[in-house]
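Going by our numbering, the sequence shown opens with residue -13, and the numbers climb by one from there. Ideal Cβ positions, reconstructed from N, Cα and C, are used throughout, including at glycine. Since we're looking at a predicted model, the values are computed, not measured. Report on the following structure.
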Amino acid sequence: MKVVQIVGCPLHSGAGRGIRALHEALLGRGIDTRIIGRVESDLPSHLKAEASSFLARLPVSLRNRLKRWQIKRRFGPLPINFQPITHGLNLHKWPTYREADLIHIQFAGATTIGPPLWRALKAETRPVVWTLRDMWPFTGGCHFSGQCERFSSGCGCCPELGGALDEGITPHDLAFKAAHIGKNITFVAISDSIAERARSSAVLKDRDIRVIPNSVMLDRFQPIAKAEARAALGLPNDRIVMAAGALNLANPRKGSATLAALFEAYRGDQRVHFAIFGQNLEQLVSPVPENFTQFGLLDDDVKLNRIYAAADLYLMPSLQESFGKVTVEAMASGTPVIAYDGTPAVDMVRNGETGWLVPNGDRAGFLDAVRQACALPNGALAEMGKRARADVVENFSLASVAERHIELYRERLGQQANPIRSRKVR
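Printed below as a string of structure tokens:
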């Protein structure tokens, strides 16, 4: 079978790393899979990836900037969480797309899927698989809706646009998506929570939606002796080390308010040390205290594994996620996790066994869970970490996730009699 994977993000990004791992696993299983889209231009040839050129992206970028400027004039600055339908790449005209037996949209937003590609997908007679890594495919423009439920009834009065009664953009985009979702598409949510949101949406409520979780590369993320990992990173051996990270630490959806409260509570505390990766830490705590080590943006799995393994505890205060890959990576590295309930962490963390689940948005409860963890006797967190690793091996191995994709591909191509069913993750 020939599969084309449409990707709208760099393969070194959070979503991109998961896509690359699956793609390599499929190649290893003998699947003729190719990547096309907004990926890096210098990827190794064995990946079989074709990047869109600068000249192809330039007019798309300019048109999108113009559209965003026009919206900004009406509603003020647009949050990064919001992408209206504007102009995308004409990937449906690429030879690799045309030659494929099956099309898999792995990750794509407005700058990748514009109206021409939407129309091509609606008319497509070949099977299409669309992985839901966020909510954009079934909302009027937001990637995550937060507390807003308007995507289930038609959008409008969008909170991202200030709640204007006559904004008109989100109802139009939602209606466009509903009208251009082809009948030949099977959707794959990467968590039960994102599947539930999709099934409640006006766009996808009657569509075929499966659940196949993200995977973790168990050979890259594994336990390391804490003394060894800390020595390699320059972290202290005589303190409780807590790790946290995000591309943008100041993003409210990623739990910036919780992190800010936690960092302030432990500012300068000589009993604990924070290992932080990502950008904009200084927006949460300034000046950055001496009991912090910053690692900046990371695209190095070796260093990331060391950070996870060096920590006694991983902090995951996101309020809304489609999956939360860092949670399973930290657990695979043998570290328990504190996370919020009402997120995909409920499919990964067993409260009191492999970490803690706190009521969503309860900052005081999150800090209390940290205090409980720090008060445990020696060795207790390490035992929780061992159980966390075992759970990840059982539920999120790359081999099992790749096999489930191959089963789905074969089903859609008519190569097996019985359709697979979504299996609830834990």
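At least three beta-carbon pairs within less than 8 angstroms, the region 58 to 69 to the region 136 to 148: Inter-segment contact for the region 58 to 69 and the region 136 to 148 is present: three or more beta-carbon pairs are separated by less than 8 angstroms.
Range covered by the beta strand (DSSP E) that runs through Trp116: The residue labelled residue 116 in the question sits at position 130 within the sequence shown. Where Trp116 is concerned, the enclosing beta strand (DSSP E) stretches over Val114 to Leu118.
Leu103 (DSSP reduced to helix, strand or coil): By 1-based counting over the sequence shown, the position of residue 103 is 117. It is helical.
Check whether Thr98 and Gly74 have beta carbons under 9 angstroms apart: The residue you call residue 98 lines up with position 112 of the sequence shown. The residue you call residue 74 lines up with position 88 of the sequence shown. The answer is yes: Cβ separation under 9 angstroms.
Own chain, CB closer than 7 angstroms to Pro275, minus 5 neighbours either side, in chain order: For this step, residue 275 is matched to residue 289 along the sequence shown. Hits under 7 angstroms: Arg253 and Gly254.
Local conformation of Tyr326 per DSSP, three classes: The residue labelled residue 326 in the question sits at position 340 within the sequence shown. Correct three-state label for Tyr326: strand.
Chain-order list of residues whose beta-carbon lies under 6 angstroms from that of Gly100 (same chain, five-residue window excluded): Mapped onto the sequence shown, residue 100 falls at position 114. Within the same chain, Gly100 has close Cβ partners His73 and Gly74.
The region 314 to 333 touching the region 288 to 303, judged by at least three CB pairs closer than 8 angstroms: A contact exists between the region 314 to 333 and the region 288 to 303.
Asn404 to Glu397 span [Cα, whole Å]: On the sequence shown, position 418 is the one that residue 404 refers to. On the sequence shown, position 411 is the one that residue 397 refers to. Note that Asn404 scores a pLDDT of 44, beneath 50, so its modelled location is shaky; the value from the coordinates is reported in the next line. Cα to Cα, the separation comes out at about 7 angstroms.
Contiguous beta strand (DSSP E) assignments of at least 3 residues, all confined to the region 346 to 388: The DSSP assignment places no complete beta strand (DSSP E) segment of no fewer than 3 residues inside the region 346 to 388.
Closest Cα partner of His166 within the set Arg257, Lys108 and Ile89: Residue mapping note: residue 166 aligns to position 180 of the sequence shown, counting from 1. Shortest Cα-Cα distance from His166 to any of Arg257, Lys108 and Ile89 involves Lys108.
For Leu88, the first and last residue of its enclosing beta strand (DSSP E): Stepping through the sequence shown from its first residue, residue 88 is reached at position 102. Following the DSSP letters along the chain, one finds Leu88 inside the beta strand (DSSP E) bounded by residues Leu88 to Phe93.
Within the region 212 to 294, ranges of the alpha helix (DSSP H) (whole runs, at least 4 residues): Complete alpha helix (DSSP H) runs here, min 4: 212 to 219 and 242 to 251.
Status (buried if at least 16 other CB within 10 Å, exposed otherwise) for Arg375: For the purposes of this step, residue 375 is taken as the residue at position 389 of the sequence shown. By the 16-neighbour rule on beta-carbons within 10 angstroms, Arg375 is buried.
Segment limits, alpha helix (DSSP H) that includes Arg185: As a first step, residue 185 must be located in the sequence shown, where it is residue number 199. Where Arg185 is concerned, the enclosing alpha helix (DSSP H) stretches over Asp178 to Arg185.
Close Cβ partners of Ala236 (< 7 angstroms) along its chain, the five nearest in sequence each way excluded: Locating residue 236 in the sequence shown gives position 250, counting from the first residue. Counting only residues of its own chain and dropping the five nearest sequence neighbours on each side, Ala236 has a CB closer than 7 angstroms to the CB of Ser242, Asn266, Gln269 and Leu270.
Same chain, Cβ closer than 6 angstroms to Ala94, neighbours up to 5 away in sequence not counted: For this step, residue 94 is matched to residue 108 along the sequence shown. If we look at Ala94 and ignore the five residues flanking it on each side, its Cβ neighbours are Ile(-8) and Gly(-6).
Lys(-12): first and last residue of the uninterrupted beta strand (DSSP E) it sits in: Position 2 of the sequence shown holds residue -12. Looking at the DSSP string, the run of the beta strand (DSSP E) that includes Lys(-12) is Lys(-12) to Val(-7).
Candidates Gly231, Asn76, Val378 and Val197, of which the one nearest Leu284 by Cα: Reading the sequence shown from its first residue, position 298 is the one you call residue 284. The residue with the shortest Cα to Cα distance from Leu284 is Gly231.
Beta-carbon separation (whole angstroms), Pro330 vs Gly351, contact threshold 8 angstroms: What you label residue 330 is simply residue 344 of the sequence shown in a count that begins at 1. What you label residue 351 is simply residue 365 of the sequence shown in a count that begins at 1. Actually they are not in contact, since the Cβ atoms of Pro330 and Gly351 sit about 19 angstroms apart, beyond 8 angstroms.
9 angstroms Cβ cutoff met for Phe263 and Phe278: Position 277 of the sequence shown, counted from the start, is the residue given in the question as residue 263. Position 292 of the sequence shown, counted from the start, is the residue given in the question as residue 278. Cβ atoms of Phe263 and Phe278: not closer than 9 angstroms.
Per-residue DSSP class, three states only, for Thr111: Here residue 111 refers to the residue found at position 125 when the sequence shown is read from its first residue. Thr111 carries a coil assignment under DSSP once its states are collapsed to helix, strand and coil.
Cutoff 7 angstroms; reference Ala1; Cβ partners in own chain excluding five residues on either side: As a working note, residue 1 is residue 15 in the sequence shown. So the qualifying residues of the chain are Cys(-5), Phe93 and Arg119.
Three-way DSSP call (helix, strand, coil) for Thr82 in this model: Your numbering for residue 82 matches position 96 in the sequence shown. The DSSP-derived three-state label of Thr82 is helix.
Cβ separation of Asp159 and Ile71, assumed to be a contact under 8 angstroms, to the nearest whole Å: By 1-based counting over the sequence shown, the position of residue 159 is 173. By 1-based counting over the sequence shown, the position of residue 71 is 85. Distance from Asp159 to Ile71 at the Cβ level is roughly 5 angstroms; contact confirmed, criterion being Cβ atoms closer than 8 angstroms.
Short Cβ contact (9 angstroms threshold) for Leu(-3) with Val387: As a working note, residue -3 is residue 11 in the sequence shown. As a working note, residue 387 is residue 401 in the sequence shown. Leu(-3) places its beta carbon 9 angstroms or farther from that of Val387.
Same chain only: Cβ atoms within 7 angstroms of Pro273, ignoring 5 sequence neighbours per side: As a working mapping, residue 273 is identified with position 287 in the sequence shown. Residues of the same chain with their beta carbon placed closer than 7 angstroms to that of Pro273 are lacking, with the five preceding and five following residues left out of the count.
Residue of Glu307, Glu393 and Thr313 minimising C-alpha distance to Arg183: As a working mapping, residue 183 is identified with position 197 in the sequence shown. Among Glu307, Glu393 and Thr313, the Cα nearest to that of Arg183 is on Glu307.
Segment limits, alpha helix (DSSP H) that includes Gly4: In the sequence shown, the residue the question calls residue 4 occupies position 18. Looking at the DSSP string, the run of the alpha helix (DSSP H) that includes Gly4 is Gly0 to Gly14.
Contact check, Ser201 vs Ala11, beta carbons under 9 angstroms: Mapped onto the sequence shown, residue 201 falls at position 215. Mapped onto the sequence shown, residue 11 falls at position 25. Cβ distance < 9 angstroms, so Ser201 and Ala11 count as in contact.
Span separating the alpha-carbon of Lys410 from that of Asp18: Locating residue 410 in the sequence shown gives position 424, where the first residue counts as 1. Locating residue 18 in the sequence shown gives position 32, where the first residue counts as 1. Any reading at Lys410 must be qualified, since the residue scores a pLDDT of 44, below 50, and its modelled position is unreliable; the value itself is stated next. Their backbone Cα atoms lie some 28 angstroms apart in a straight line.
As assigned by DSSP and simplified to three states, the class of Leu33: If you number the sequence shown from 1, residue 33 lands on position 47. DSSP places Leu33 in helix when its eight states are reduced to three.
Own chain, CB closer than 7 angstroms to Leu367, minus 5 neighbours either side, in chain order: Working through the sequence shown from its first residue, we reach residue 367 at position 381. Excluding sequence neighbours, Leu367 sits near Asp298, Leu299, Pro322 and Ala359.
C-alpha distance - Gly142 paired with Lys53, whole-angstrom precision: As a working mapping, residue 142 is identified with position 156 in the sequence shown. As a working mapping, residue 53 is identified with position 67 in the sequence shown. The straight-line gap from Cα to Cα measures roughly 18 angstroms.
Proximity below 9 angstroms, CB of Ile414 to CB of Ala295: No answer is possible for residue 414: it lies beyond the span of the chain, which begins at -13 and ends at 412.
Nearest-angstrom Cα separation, counted from Leu353 out to Ile180: Within the sequence shown, the letter at position 194 stands for residue 180. Within the sequence shown, the letter at position 367 stands for residue 353. Leu353 has its alpha-carbon roughly 27 angstroms from the corresponding atom of Ile180.
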